[in-house]
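A.B. asks:
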Amino acid sequence: MIEKMSRRRLIGSLGAGASGLLLAGCDRVGRSPAFQGLQASAEDWTLGAQRLITDRTALAREFTPEQMSPTFRTNGNVMPASAAYQAHVGSKFADWRLVVDGQVARPLALSLDQIRRMPARSQITRHDCVEGWSAIGKWTGVPLKLLLDGAGVKPSARYIVFHCADDFRGTPYYESIDLVDAYHPQSILAWGMNDAMLPIGHGAPLRLRVERQLGYKQAKYVMRVEAVDSLAGMGAGKGGYWEDVAGYQWYAGI
Amino acid sequence: MTALTADETPIPAEAEPAELKGGDSVYRHRWSTRLWHWFNALTVFVLLMSGLMIFNAHPRLYWGEYGANADTPWLVIGSTPTTGFLRIGAVQIPTTGVLGRWKDGEGNVRTHAFPGWATIPSSYNLAGARSWHFLFAWLLVVPGLAYWLWSFFNRHIQRDLAPKKGELAPRHIWHDVKEHARLRFPKGPAARNYNILQKISYLGVLFFLLPLVVLTGLTMSPGMNAAWPWLLDLFGGRQSARSLHFIAAFMILGFIIVHLLMVLLAGPINEVRSMITGRYRLPEETEPLPETQP
């Protein structure tokens, strides 16, 4: 009996040890630069494969009002902490300006009223958080293409960067997309949500909607749109806040 | 034609004795099957374990197009201040120590859904798990498609996996079920070919579970939704696809558990060797006589 128990315990601890070693091995492999390089290659294969089979202007599905989520939860930052943003909230964004600059011929500074008077697009689309949940809501805003054409994006530009008013422990939020997505017909800077003004929790006064990608690409509290030729000089160089701090994939179409 | 044609693919029937009997060694698994088997043994486990970590980011499953915290899930893994639980519909199952509330290697209480020993990476890391999952998804799909095509080309599927005449008769299937339940497995020449339950299982994994898990995985991608919107219609929305992805993954895990059990019961050394070298020794029809033993 004693011998049996000890043998069972021995087998059990051997099993636990083996699985522990295997997992520790996986964790070590996952941290190695060579393996992370391979994972980055897989991200490139995914982007390449999706671009290969997807028309540039292929639309994300749009839904009917009956299909909308009864509750559209917020996440990430829901109230930017900066004094400048608080002042804008106090004045109902009257003195707020959206800056469009970088590699453009004519930098712009537009008031919220000016933006709201521009042609607008409304779309009922599904928002997919990287965590796995989805919510369907209606977004109304100016097509990004109109702003970029207004500013005259230079041929040297490769990416559009969105600088935001919110931060996590002092590190400002930002995101970036390539020109294929920037000029996509459903890429808008939304000032309205569910037939009302965009709430602060969802990114007032302006939130990017880039419908063929995940939630962390949908930058809230957009203050500045910058055309750049490279993402290298910005943040940690990976093209976005979550990409920089946690290694999330820059291409969030998957 | 190239040097290696389907007809030359080695299943050397002429190299085997005309009358097969227990104890004979037969060439059972082609190189393509052996290679894909061991490659997948690794790939599927990485996908399962990184998938559990991705699930931990939002341990709730829904049916339909949308689903988030305010909506009603059909499955939740959660925790109370003292317990962990799995809830499916109205049924709540206590899972303290395993799901929802468990201790990590250092003895710290964690309230993620799946425990560290079951996930890659072993501590909470959604971005890392996604990197693992999407790399190994390529390693599942590309060799998987190649194996599919090659196995049609070398007639593995038609010759070894497709049920033969009469095998799908309910009486035959029921007979095999009863034999399996009594742990009586085919011996001698009858063990040369897959039995009908094996054929159904292997075909089910190859042509139902693996395509289901890949297509539901693709349906969760917003980029793929724009490219192939029919995926959303096929599975009834992104959240339904996420649920089906999870169910298909657990059916694959169920297959692996039964598969390993069968290997153990059928003689693990002979079975594992056949998947390494290709050669399988047919089990003896009767117990060896006592005097043959040393």
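Protein chains in written order, with our numbering: chain S, 1 to 254; chain A, 1 to 294. A virtual CB, placed ideally from N, CA and C, is assigned to each residue, including glycine. Remember, predicted model here, so these are calculated numbers, not experimental data.
1. Could you pull out every residue in the same chain whose Cβ sits closer than 8 Å to the Cβ of A/N225, ignoring the five residues on either side in sequence?
2. At 7 Å on the CB atoms, spell out the chain S contacts of A/S122, in chain order.
3. Can you tell me where the alpha helix (DSSP H) holding S/P185 begins and where it ends?
4. Got a sec: which bits of the segment 115-143 of chain S sit with their beta carbon under 8 Å from any beta carbon on chain A, in order along the chain?
5. Is any beta-carbon of chain S found at less than 8 Å from that of A/S131?
6. Any C-beta of chain S within less than 8 Å: which residues of the segment 219-245 of chain A qualify?
7. Quick test of the definition: if touching needs 3 or more C-beta pairs under 8 Å, does the segment 184-204 of chain S touch the segment 230-243 of chain S?
8. Starting from A/E65, find everything on chain S with Cβ-Cβ shorter than 8 Å and list it in chain order.
9. Span of the beta strand (DSSP E) holding S/F162?
10. For the beta strand (DSSP E) that contains S/R61, what are its first and last residues?
11. In chain S, what lies closer than 8 Å to A/I54 by C-beta?
12. Just tell me which of A/L140, A/Y62, A/T119 has its CA closest to the CA of A/H37.
13. Per DSSP, which one or two residues make a beta bridge with S/M193?
14. Does the Cβ-Cβ distance between S/L108 and S/A151 come in under 8 Å?
15. I need the straight-line Cα distance from S/H184 to S/R117, nearest angstrom please.
16. Suppose you measure from the CA of A/F208 to the CA of A/A249; what does that come to, to the nearest Å?
17. Tell me, to the nearest whole angstrom, how far the beta carbon of S/A60 is from that of S/Q186; I am working on the premise that it is less than 8 Å.
18. Tell me whether A/H172 sits in a helix, a strand or coil according to DSSP, three-state version.
19. S/M5 CB to nearest chain A CB: under 8 Å?
20. Run through DSSP, which three-state label would S/D229 get?
21. With DSSP collapsed to three states, give me the class of A/L61.
22. Express the C-alpha separation of S/T71 and S/A227 in angstroms, rounding to a whole number.
23. Can you name the residues of chain S whose CB is closer than 8 Å to the CB of A/F134?
24. Just reading off the beta strand (DSSP E) that A/R159 is part of, what are its end residues?
25. What are the boundary residues of the alpha helix (DSSP H) that A/D24 is part of?
26. State the Cα-Cα distance for the pair S/S41 and A/D176, rounded to the nearest angstrom.
27. With the cut-off set at 8 Å, would you say A/P189 and A/N195 are in Cβ contact?
28. Is the CB of A/W38 under 8 Å away from at least one CB in chain S?
29. Measuring only between beta-carbons, confirm whether A/H180 sits less than 8 Å from chain S.
30. When the Cα atoms are used, what is the spatial distance from S/V222 to A/F235?
31. Could you tell me if S/E211 is buried or exposed, where buried requires 16 or more neighbouring beta carbons within 10 angstroms of its beta carbon?
32. Tell me whether the beta-carbon of S/A87 lies closer than 8 Å to the beta-carbon of S/K154.
33. Please work out which residues of its chain come closer than 7 Å, Cβ to Cβ, to S/Y251, disregarding the five sequence neighbours upstream and downstream, and give them in chain order.
34. Go ahead and label A/M49 buried or exposed: buried means 16 or more other beta carbons lie within 10 angstroms of its beta carbon, across all protein chains shown.
35. Taking A/A70 as the query, report the chain S residues whose CB atoms sit under 8 Å from its CB, ordered along the chain.
36. Using the beta-carbon of each residue, which ones in chain A are nearer than 9 Å to S/L98?
C.D. replies: In short:
1. In the second sequence, residue 225 of chain A corresponds to position 225, counting from 1. Answer for A/N225: T219, L231, L232, R238, listed in chain order.
2. On the second sequence, position 122 is the one that residue 122 of chain A refers to. For A/S122, the neighbours in chain S by C-beta distance under 7 Å run, in chain order, L23, D27.
3. As a position in the first sequence, residue 185 of chain S is number 185, starting the count at 1. Neither: S/P185 is in no alpha helix (DSSP H) and is coded neither H nor E.
4. From the segment 115-143 of chain S, only R126, D128, C129, V130, E131, G132, W133, S134, A135, I136 have a Cβ closer than 8 Å to chain A.
5. As a first step, residue 131 of chain A is located in the second sequence; it is residue number 131 there, counting from the start. Closer than 8 Å to some Cβ of chain S, the Cβ of A/S131 qualifies, so yes.
6. Cβ contacts with chain S come from M220, S221, P222, G223, M224, N225, A226, A227, W228, P229, L232, R238, Q239, R242.
7. These segments do not touch.
8. Your numbering for residue 65 of chain A matches position 65 in the second sequence. Within 8 Å Cβ-Cβ: F63, Q67, R126, S134, I136.
9. Along the first sequence, read from residue 1 onward, the residue named residue 162 of chain S stands at position 162. For S/F162, the enclosing beta strand (DSSP E) has its first and last residue at 159-168.
10. For this step, residue 61 of chain S is matched to residue 61 along the first sequence. Where S/R61 is concerned, there is no enclosing beta strand (DSSP E), given that its DSSP letter is neither H nor E.
11. On the second sequence, residue 54 of chain A is found 54 positions in, with the first residue counted as 1. Chain S residues near A/I54: G132.
12. The residue you call residue 37 of chain A lines up with position 37 of the second sequence. When only C-alpha atoms are compared, the closest one is A/L140.
13. One-based indexing of the first sequence puts residue 193 of chain S at position 193. S/M193 is bridged to S/W139, S/A196.
14. Residue 108 of chain S sits at position 108 when you count from the first residue of the first sequence. Residue 151 of chain S sits at position 151 when you count from the first residue of the first sequence. In contact: S/L108 and S/A151 (Cβ atoms closer than 8 Å).
15. As a working note, residue 184 of chain S is residue 184 in the first sequence. As a working note, residue 117 of chain S is residue 117 in the first sequence. S/H184 and S/R117 have their C-alpha atoms spaced approximately 21 Å apart.
16. Here residue 208 of chain A is taken as the residue at index 208 of the second sequence, counted from 1. Here residue 249 of chain A is taken as the residue at index 249 of the second sequence, counted from 1. When only Cα atoms are considered, A/F208 and A/A249 end up about 12 Å apart.
17. Position 60 of the first sequence, counting from 1, holds the residue named residue 60 of chain S. Position 186 of the first sequence, counting from 1, holds the residue named residue 186 of chain S. Contact between S/A60 and S/Q186 is confirmed by a C-beta separation of about 6 Å, below the 8 Å threshold.
18. Position 172 of the second sequence holds residue 172 of chain A. In this structure, DSSP gives A/H172 a helical state, which the three-state scheme calls helix.
19. Counting from one through the first sequence, the residue named residue 5 of chain S turns up at place 5. With a pLDDT of 49 at S/M5, under the threshold of 50, the predicted position of this residue should be treated as unreliable, though the coordinate-derived value follows. Under the Cβ distance rule, S/M5 does not count among the residues neighbouring chain A, no pair being separated by less than 8 Å.
20. For this step, residue 229 of chain S is matched to residue 229 along the first sequence. Coil at S/D229, not helix or strand.
21. Position 61 of the second sequence holds residue 61 of chain A. Here A/L61 sits in strand by DSSP.
22. For this step, residue 227 of chain S is matched to residue 227 along the first sequence. For this step, residue 71 of chain S is matched to residue 71 along the first sequence. The C-alpha of S/A227 lies about 35 Å from the C-alpha of S/T71.
23. Within the second sequence, numbered from 1, the residue matching residue 134 of chain A stands at position 134. Those within 8 Å of A/F134 in chain S are Q39, A42, E43, T46, Q249, I254.
24. As a position in the second sequence, residue 159 of chain A is number 159, starting the count at 1. Element bounds for A/R159: n/a, residue is neither H nor E.
25. Mapped onto the second sequence, residue 24 of chain A falls at position 24. It is not in any alpha helix (DSSP H) - A/D24 carries neither H nor E in the DSSP assignment.
26. As a position in the first sequence, residue 41 of chain S is number 41, starting the count at 1. As a position in the second sequence, residue 176 of chain A is number 176, starting the count at 1. So the alpha carbons of these two residues sit roughly 47 Å apart.
27. For the purposes of this step, residue 189 of chain A is identified with residue 189 of the second sequence, where counting begins at 1. For the purposes of this step, residue 195 of chain A is identified with residue 195 of the second sequence, where counting begins at 1. Not closer than 8 Å, so no.
28. Counting from one through the second sequence, the residue named residue 38 of chain A turns up at place 38. It does not; no Cβ of chain S falls within 8 Å.
29. One-based indexing of the second sequence puts residue 180 of chain A at position 180. No, no contact with chain S.
30. The count along the first sequence starts at 1 and reaches residue 222 of chain S at position 222. The count along the second sequence starts at 1 and reaches residue 235 of chain A at position 235. In this model, S/V222 and A/F235 are separated by some 35 Å (Cα to Cα).
31. Working through the first sequence from its first residue, we reach residue 211 of chain S at position 211. Classification of S/E211: buried, given that the 10 Å Cβ count is 16 or more.
32. Mapped onto the first sequence, residue 87 of chain S falls at position 87. Mapped onto the first sequence, residue 154 of chain S falls at position 154. At a Cβ-Cβ threshold of 8 Å, S/A87 and S/K154 do not count as neighbours.
33. Taking the first residue of the first sequence as 1, we reach residue 251 of chain S at position 251. These residues qualify, in order along the chain: E43, T46, L47.
34. The count along the second sequence starts at 1 and reaches residue 49 of chain A at position 49. In the assembly as shown, A/M49 is a buried residue. Its beta-carbon has 16 or more other beta-carbons within 10 Å.
35. To locate residue 70 of chain A, count along the second sequence from 1; it is residue 70. Within chain S, the C-beta atoms nearer than 8 Å to that of A/A70 come from S69, P70, T71, R73, in chain order.
36. One-based indexing of the first sequence puts residue 98 of chain S at position 98. Within 9 Å Cβ-Cβ: nothing; S/L98 doesn't reach chain A, min ~26 Å.
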